[in-house]
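Here is the structure we will look at, set down as structure tokens.
In the working numbering, the protein residues as written are 10 to 288.
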């Protein structure tokens with residue numbers, strides 16, 4: 010079936026907008042309650058991270074409609090994705106074996122619906138893992154992107170942005186030796202232990218309440234369970250109700266806190282250190 014004149018005009022308009030210029034680069038955080046977006050191109054080398062263009066949308070299709078013709082890298086909240094770290098002792102032969110094992114594990118723990126979840130495998134030397142989108146319709150995301158001429162460059166868990174940008178905020182994180190990182194999303198905490206950037210442990214835990222004391226207790230337990238960890242854990246995130254910076258309550262956290270834990274989304278400096286480098 011041939012396109013209507015209106016469709017052709019719209020397609021031509023999108024093409025002309027791209028001619029002679031580089032497509033805008035966007036980093037997008039998909040959350041359970043909406044979409045956060047940063048315009049990487051508007052942040053110069055000497056600018057403060059907080060000066061980056063920031064926008065919030067109710068859903069991904071609305072974001073696409075407002076950002077036609079751009080390149081987008083999607084970072085997915087831990088509330089929407091399950092992550093699995095695979096024991097290197099299993100010595101799975103290849104990506105297909107990793108995917109098969111991960112699918113079995115997700116199905117075992119989450120039931121029959123996990124058989125249909127979009128799944129991606131990754132490997133870093135002997136360490137491998139997988140992520141499954143349990144609360145996102147990947148086909149719907151792709152359809153929205155195609156409808157608005159948005160090119161999806163990558164889809165990754167939000168914790169990977171944290172791991173990639175930590176060395177800019179905490180240079181010691183690049184040193185040899187196991188170091189811990191916690192990503193706080195309200196009551197959800199993603200806990201990572203890495204050695205020179207290589208993931209050694211990965212798990213998700215829930216707080217009893219979105220409060221500093223609950224986080225302090227969880228970090229103490231996780232640190233004790235993790236054995237020998239170099240330095241204090243690095244913590245970044247948002248959604249704690251009583252986490253105003255500089256208060257006596259925050260001093261109870263034995264951690265290197267990056268930015269504020271009291272906002273409604275990721276701190277711009279933490280996000281952009283990773284996302285801008287990926288543009």
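The beta-carbon is built from N, C-alpha and C at its ideal position, and this holds for glycine as well.
Touching or not, the segment 247-266 and the segment 187-196, by the rule of three or more beta carbon pairs under 8 Å? By the Cβ test, the segment 247-266 is in contact with the segment 187-196, since at least three Cβ pairs between them sit closer than 8 Å.
How should residue 182 be labelled, buried or exposed, when 16 other C-beta atoms within 10 angstroms of its C-beta is the threshold for buried? The count along the chain shown starts at 1 and reaches residue 182 at position 173. Burial call: buried.
Name the residue from 74, 265, 34, 88 whose alpha carbon lies nearest to the alpha carbon of residue 42. Sequence index remark: in the chain shown, residue 42 carries index 33 (1-based). Residue 42 has its Cα closest to that of 88, out of 74, 265, 34, 88.
State the CB to CB distance for the pair residue 119 and residue 143, rounded to an integer number of angstroms; the pair is presumed to be in contact (CB under 8 Å). Numbered from its first residue, the chain shown carries residue 119 at position 110. Numbered from its first residue, the chain shown carries residue 143 at position 134. Indeed, because the Cβ distance is near 7 Å, the residues count as touching under 8 Å.
Three-state secondary structure (DSSP) of residue 59: If you number the chain shown from 1, residue 59 lands on position 50. With a pLDDT of 47 at residue 59, under the threshold of 50, the modelled position of this residue cannot be trusted; read the value that follows with caution. Note: residue 59 maps to helix in three-state DSSP.
By how many angstroms is the C-alpha of residue 46 removed from the C-alpha of residue 58? Against the chain shown, residue 58 aligns to sequence position 49. Against the chain shown, residue 46 aligns to sequence position 37. Low per-residue confidence applies at residue 58: pLDDT is 47, beneath 50, and the placement is therefore not dependable, though the value from the model is reported in the following sentence. Straight across, the Cα-Cα distance linking residue 58 with residue 46 is about 13 Å.
Quick check on residue 258: does DSSP put it in helix, strand or coil? For this step, residue 258 is matched to residue 249 along the chain shown. Residue state, collapsed to three classes: helix.
With the cut-off set at 9 Å, would you say residue 265 and residue 233 are in Cβ contact? Reading the chain shown from its first residue, position 256 is the one you call residue 265. Reading the chain shown from its first residue, position 224 is the one you call residue 233. Not a contact, by the Cβ cut-off of 9 Å.
Can you name, in chain order, every residue of its own chain whose Cβ lies under 6 Å from the Cβ of residue 212, other than the five neighbours on each side? As a working note, residue 212 is residue 203 in the chain shown. Excluding five sequence positions before and after residue 212, the CB atoms of its chain that fall closer than 6 Å to its own CB belong to 200, given in chain order.
Looking only at C-alpha atoms, which of 226, 236, 102, 269 sits nearest to residue 135? By 1-based counting over the chain shown, the position of residue 135 is 126. Answer by Cα proximity: 102.
Rounded to the nearest angstrom, what separates residue 151 and residue 162 at their Cα positions? In the chain shown, residue 151 corresponds to position 142, counting from 1. In the chain shown, residue 162 corresponds to position 153, counting from 1. When rounded, the distance between both Cα atoms is 11 Å.
Measure the CB-CB distance between residue 93 and residue 210 and report whether it falls below 9 Å. Numbered from 1 along the chain shown, position 84 holds the residue referred to as residue 93. Numbered from 1 along the chain shown, position 201 holds the residue referred to as residue 210. For residue 93 and residue 210, no; Cβs fall outside 9 Å.
Along the chain, where does the beta strand (DSSP E) that runs through residue 220 open and close? Locating residue 220 in the chain shown gives position 211, where the first residue counts as 1. Per DSSP, residue 220 belongs to no beta strand (DSSP E) and is neither H nor E.
Checking 9 Å against the spacing of the C-beta atoms, do residue 215 and residue 202 come in under that value? Here the question's residue 215 lines up with position 206 in the chain shown. Here the question's residue 202 lines up with position 193 in the chain shown. Taking a C-beta distance under 9 Å as the contact criterion, residue 215 and residue 202 do not qualify as a contact pair.
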